[in-house]
Amino acid sequence: MFLGQYAHTVDAKGRVFVPAKYREELGDTFVITRGTAKCITVYPMAEWEKFTAKIEELPQAQAVKIRRFIFGNASDVTVDAQGRINIVQNLRDYAGIDKNAVILGLGSYLEIWSEEAWKTESELESSEEIEDLMVALGC
Numbered sequence: 028m029f030l031g032q033y034a035h036t037v038d039a040k041g042r043v044f045v046p047a048k049y050r051e052e053l054g055d056t057f058v059i060t061r062g063t064a065k066c067i068t069v070y071p072m073a074e075w076e077k078f079t080a081k082i083e084e085l086p087q088a089q090a091v092k093i094r095r096f097i098f099g100n101a102s103d104v105t106v107d108a109q110g111r112i113n114i115v116q117n118l119r120d121y122a123g124i125d126k127n128a129v130i131l132g133l134g135s136y137l138e139i140w141s142e143e144a145w146k147t148e149s150e151l152e153s154s155e156e157i158e159d160l161m162v163a164l165g166c
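The sequence shown begins at 28 in the working numbering and counts up one residue at a time.
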């Protein structure tokens with residue numbers, strides 16, 4: 028399970044360090060793609076397969092935009108010998124990631140945010156709002 032958050036520098040080639048505990052969970056090859064909140068999502072292969080199976084079940088007319096958004100921007104990724112992944116330019120541009128990134132564990136997958144965007148996003152989330160959502164979901 029992916030938990031916690033880590034801030035790391037992105038180098039000039041678009042590489043960012045992935046903490047060891049996340050690398051273990053991700054496995055040898057995993058998938059990165061656009062997230063819906065101007066971030067990058069990172070899926071271990073087993074979670075990616077579950078996620079894409081749900082999309083594949085949708086009627087073609089409804090799912091084509093989702094497929095373009097998710098599949099058209101997805102790429103298989105491996106970790107290099109220094110524990111880094113390369114984030115392709117189009118995903119860095121989409122998420123606004125330049126020099127600093129925050130990697131968040133969200134249970135079954137990760138999100139990678141620009142440091143600035145994450146700061147803004149996390150300030151918008153109030154504990155009362157989260158509590159209301161949890162009550163609505165029966166948590």
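C-beta: ideal position from N, C-alpha, C; glycine also.
As the structure is a computational prediction, the values presented were derived from the model and not from experiment.
Buried versus exposed, by CB contacts within 10 Å (16 or more), residue i
| i | result |
| --- | --- |
| S102 | exposed |
| G132 | buried |
| S183 | For residue 183 there is no data in the structure shown, the boundaries of the chain being 28 and 166. |
Extent of the continuous beta strand (DSSP E) to which residue i belongs
| i | result |
| --- | --- |
| T68 | I67 to P71 |
| F44 | R42 to F44 |
| G132 | N127 to G132 |
| A34 | Q32 to T36 |
| L137 | L137 to S141 |
Residue interval of the alpha helix (DSSP H) (run including residue i)
| i | result |
| --- | --- |
| A47 | A47 to L53 |
| Y121 | Q116 to A122 |
Residue i and residue j closer than 9 Å at C-beta
| i | j | result |
| --- | --- | --- |
| I157 | L118 | no |
| E52 | P71 | yes |
| E76 | S135 | no |
| V162 | I112 | no |
Residue i: CB within 8 Å of a non-hydrogen atom of the ligand PLP
| i | result |
| --- | --- |
| F78 | Ligands are entirely absent from the displayed structure, and the ligand PLP is therefore not among its contents. |
Residues near residue i by beta carbon distance below 8 Å, same chain, minus five either side
| i | result |
| --- | --- |
| N100 | T60, R61, N117, L118 and Y121 |
Any chain C beta carbon closer than 9 Å to residue i
| i | result |
| --- | --- |
| N117 | In the displayed structure, chain C is absent; only one protein chain is listed. |
Quick check for students: name the residue ranges of the alpha helix (DSSP H) that lie wholly in the segment 57 to 107, counting only runs of 4 or more.
Every alpha helix (DSSP H) stretch that sits fully inside the segment 57 to 107 and reaches 4 residues is listed by chain position as 72 to 84 and 87 to 97.
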